[in-house]
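There are 2 protein chains.
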Amino acid sequence: MSVPVEESRMPHTAPKKQPRSRDPERTKAQLTESALREFADHGFHGARVDRITRAVGCNPRLLYHYFGSKEKLYVSVIEHIFADIRAQERDLQLARLDPLSAMRRLVEFTYDFFDGNPLFVKMTRNENLLEGKFIVQTQAVRTSSQPLIDAISGIIARGRAEGVFRHEYDALQIYITIVALSAHHLNNGHTLTAIFGVDLLSPEWRQERRAHSIELVLNALTSSKSDPV
Amino acid sequence: MSVPVEESRMPHTAPKKQPRSRDPERTKAQLTESALREFADHGFHGARVDRITRAVGCNPRLLYHYFGSKEKLYVSVIEHIFADIRAQERDLQLARLDPLSAMRRLVEFTYDFFDGNPLFVKMTRNENLLEGKFIVQTQAVRTSSQPLIDAISGIIARGRAEGVFRHEYDALQIYITIVALSAHHLNNGHTLTAIFGVDLLSPEWRQERRAHSIELVLNALTSSKSDPV
DNA sequence: TTGCTAAGTAAGTATTTTATGAATTAATGT
DNA sequence: ACATTAATTCATAAAATACTTACTTAGCAA
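Pasting the structure below:
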């Protein structure tokens, strides 16, 4: 009748844990990947090194062997995820398009980037909670955001010259605006959903949001100065 | 010659800590205030109950005496800070103004609210990091965001009817847009500042941002459908 | 005055969590 | 085969941290 108490407490202990095959590159990559998910989902302070290593299935000691500390692991993750975005932006080729098409494409690209990279959005949020403590240390970030701003300046100038754009906005302001339109509902999806009773994170709403963002930016640029009725 | 080692370690120990005067309301209020700052600055997981009580100058036990747990204290703070905003919105009186003025006033009000309430912005960020875990529990939040959306709908409809607005946007989309324009640079100020090398949190930039946001929304609404050049 | 209630204090404990020293074992070159 | 290096494991230190137990005392009503 008596059942061993121990059994219920350790239900998943593999009888013979066969040792992990040795592959430092794989292990490091897996840890980075796992850490990214953990930091994104829980923030730096909420993240647990234990969960990170458990998800990989390796010994906690390995994390310290390869990364040194929780902080250094976090920095590594930040650098890793910020490295991607700039590369993508380079392929936009905005100068080749007419101003209206170029602006449309920029908004579409920006929207789709944030929509398709929730982990980037979450890491950014967390980094801001930490007041940018770590991002300022990284080199990869500072690299060339200027080309993008210059490209936008060019689009606006050309649009003005050709007469399709009736207003001249500052390039950085416009870019921040595009980012804001693309990302704010992702950053604040849960509170906004709670407040308005509409699921702003649903695919349907996001689709509408995409169309709205494009339309709004283009309409703002092409508008005529509020002429009297 | 020999200096007591202890002295350097406890430089500020008040010789005789006179007991705290008894005032439960004041204590509770001070704890809420202190907790708000702590949660806003460090997030739920980063916040330390020790720091919260130390800032108040009371015994840690009191926090549990009045609030029960760190979580319950957090919920109390969330409810407290979300209670304010809706009240303010009520006084807007948008229906009395002509459509253009009403929309301008809405953008101005929204911008100024976020700009002037950094703790609200930070608590919102943190609540979203926690996936809205706590905000969904609170009653105060769900209260009447519909009147605001209805008011915006009304403005847009009137603007269309009067011919000042050439485009018809969904009211919720427009409101999310206004919030996004107003708050995104505050939410992401540190990363954006690091990336673009411009301090987006400086008073000057925020002033420009305010003008830009107003202009952009009004231009988008009053624009003519991209007529050929 | 007396005695009760609750505000406040002192001093913890239990637990979680990050981090390490040292042993072990696999892979690799000679 | 052997030695060397480094990848991995084991066991546990060390610190932080949320929360409690047990107690003291101020304020107040009868």
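Those sequence lines, one after another, are chains B and X.
Under the working numbering, the letters of the first sequence match residues 1 to 229, in that order.
Under the working numbering, the letters of the second sequence match residues 1 to 229, in that order.
Each residue gets a CB set at the ideal place from its N, CA and C atoms; glycine is no exception.
Note that the structure is a prediction, hence the values are computed from the model and not measured.
Which residues of the region 176 to 196 of chain X have a Cβ closer than 8 angstroms to any Cβ of chain B? Give them in chain order. Listed by position, the residues of the region 176 to 196 of chain X near chain B (Cβ gap below 8 angstroms) are I176, T177, V179, A180, L181, A183, H184, H185, N187, N188, G189, H190, T191, L192, T193, A194, I195 and F196.
Euclidean distance between Cα positions of F82/B and D199/B: 28 angstroms
Burial state of E38/X, where buried means 16 or more other Cβ atoms lie within 10 Å: Its Cβ being crowded by 16 or more others within 10 Å, E38/X is buried.
Run through chain X and tell me which residues come within less than 9 angstroms of Q88/B, C-beta to C-beta. Result: empty, since nearest Cβ-Cβ is about 14 angstroms, beyond 9 angstroms.
Less than 8 angstroms between the C-beta atoms of H167/X and S101/X, yes or no? no
Nearest CA to the CA of P147/B: which residue from Q88/B, L31/B and E162/B? Q88/B
So, is the C-beta of Q173/B closer than 8 angstroms to a C-beta in chain X? Closer than 8 angstroms to some Cβ of chain X, the Cβ of Q173/B qualifies, so yes.
Quick one: grab the DSSP three-state call for N187/X. helix
How many Å lie between G68/X and S76/X at the Cα? 11 angstroms
If you measure beta-carbon to beta-carbon, which residues of the region 101 to 113 of chain B are closer than 7 angstroms to chain X? none
Rounded to the nearest angstrom, what separates L130/B and G163/X at their Cα positions? 47 angstroms
Using 8 angstroms as the Cβ pair cut-off and three pairs as the minimum, do the region 167 to 179 of chain B and the region 94 to 114 of chain X touch? Segments in contact, no.
Alpha carbon to alpha carbon, what distance is there between G132/X and N187/B? Whole-angstrom Cα-Cα distance: 11 angstroms.
For the region 23 to 34 of chain X and the region 189 to 203 of chain B, state whether three or more C-beta atom pairs, one from each stretch, are separated by less than 8 angstroms. No, they do not touch.
Buried or exposed by the 16-neighbour rule on C-beta atoms within 10 Å, applied to E204/B: exposed
Going by Cα to Cα distance, which pick from A161/X, Y175/X, T138/X and R160/X is closest to D150/X? Y175/X
For L62/X, which three-state DSSP category applies? helix
Please return the same chain residues whose Cβ sits closer than 7 angstroms to the Cβ of A180/B, not counting the five positions on each side in sequence. none
Mind pulling the chain B residues with CB within less than 9 angstroms of I135/X? H190, T191, A194 and I195
Can you look up F82/B in the DSSP assignment and give me helix, strand or coil? helix
Three-state class that DSSP yields for G132/X in the structure shown: coil
Quick check on the burial criterion: 16 or more other C-beta atoms within 10 angstroms. Buried or exposed for A211/X? exposed
From the DSSP output, in three-state form, read off F165/X for me. In the structure shown, F165/X sits in coil (DSSP, three-state: anything other than H, G, I, E or B).
Coarse secondary structure for Q137/B, derived from DSSP in three states: coil
Would you please verify whether the beta carbon of Y80/B is less than 8 angstroms from any beta carbon of chain X? Here the sequence assigns His to residue 80/B, which means Tyr is not the residue at that position. Not one chain X Cβ lies under 8 angstroms of H80/B.
What does the Cβ neighbour count give for A161/B, buried or exposed, with the cut at 16 atoms within 10 Å? exposed
Return the CA-CA distance between A40/B and G159/X, expressed in angstroms with no decimal places. 43 angstroms
Helix, strand or coil at N117/B [DSSP, three-state]: coil
Any beta-carbon of chain X closer than 8 angstroms to the one on T53/B? no
Cβ distance (whole Å) where L216/X is taken to contact T177/B below 8 angstroms: 6 angstroms
For R104/X, collect the residues of the same chain with a Cβ closer than 7 angstroms to its Cβ; drop the 5 residues on either side in sequence, then sort them by chain order. I214 and L218
Since S145/X and F196/B should fall inside the 8 angstroms C-beta cutoff, what is the C-beta to C-beta distance between them, to a whole number of angstroms? 5 angstroms
Assigned secondary structure, A151/X (DSSP; H/G/I helix, E/B strand, else coil): helix
Residue closest to H185/B, alpha-carbon to alpha-carbon, out of N128/X, I155/X and L221/X: N128/X
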